[in-house]
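Be aware that the sequence shown starts at 12, since it is given in this note's numbering, and climbs by one per residue. Virtual Cβ for every residue (Gly too), placed ideally from N, Cα, C. Structure first, commentary second.
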Amino acid sequence: MEHPINNLLRISMENIKDMIDVNTIIGDPVTIDNQLIIPISKLKFGFAAGGTEQRGKDSDKLPFGGGSGGSVSINPIAFLVLKNNSFEVLHLEKDTHLYEKLIDFVPKLVNQFEEMMQKRNSSK
12 MEHPINNLLR ISMENIKDMI DVNTIIGDPV TIDNQLIIPI SKLKFGFAAG GTEQRGKDSD
72 KLPFGGGSGG SVSINPIAFL VLKNNSFEVL HLEKDTHLYE KLIDFVPKLV NQFEEMMQKR
132 NSSK
């Protein structure tokens, strides 16, 4: 026979799985003024479950008491904006992490490199 705590965990995990999909983090694209705007969110969740069994005074049976709980937080952090064959990440938070700044820098660097190569090829 399955232990009751397994049932608590299974139900909780199934509910979390139903709430989380790729569209939760990367939102549906929206087109405004020939720009494709894709919202990006940060998803955090926590989960806890527990239970106990105690012998009753009048019985050798171990009655079970348990519970589970969870928390989900979804915060928009940026927008990916695509326009004229280039893209830009617009952050909503003031202080972005170093890797986010690198992600912003790479497309600009690639665009500058392409422009430099085009100028070089056209001057030949």
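Three-state secondary structure assigned by DSSP to residue i
i, result
"LEU103", "coil"
"PRO74", "coil"
"LYS94", "strand"
"GLN65", "coil"
"ASN45", "coil"
Nearest-angstrom Cα separation, counted from residue j out to residue i
i, j, result
"ASP115", "ASN132", "27 Å"
"PRO87", "PRO40", "14 Å"
"LYS94", "ILE27", "35 Å"
"LEU19", "THR63", "13 Å"
Other residues of its chain near residue i: CB distance less than 6 Å, five sequence neighbours each side excluded
i, result
"PHE5", "Look at the range of the chain in this structure, 12 to 135, and you will see that residue 5 is not part of it."
Cβ-based burial, residue i [other Cβ within 10 Å; buried from 16]
i, result
"ALA89", "buried"
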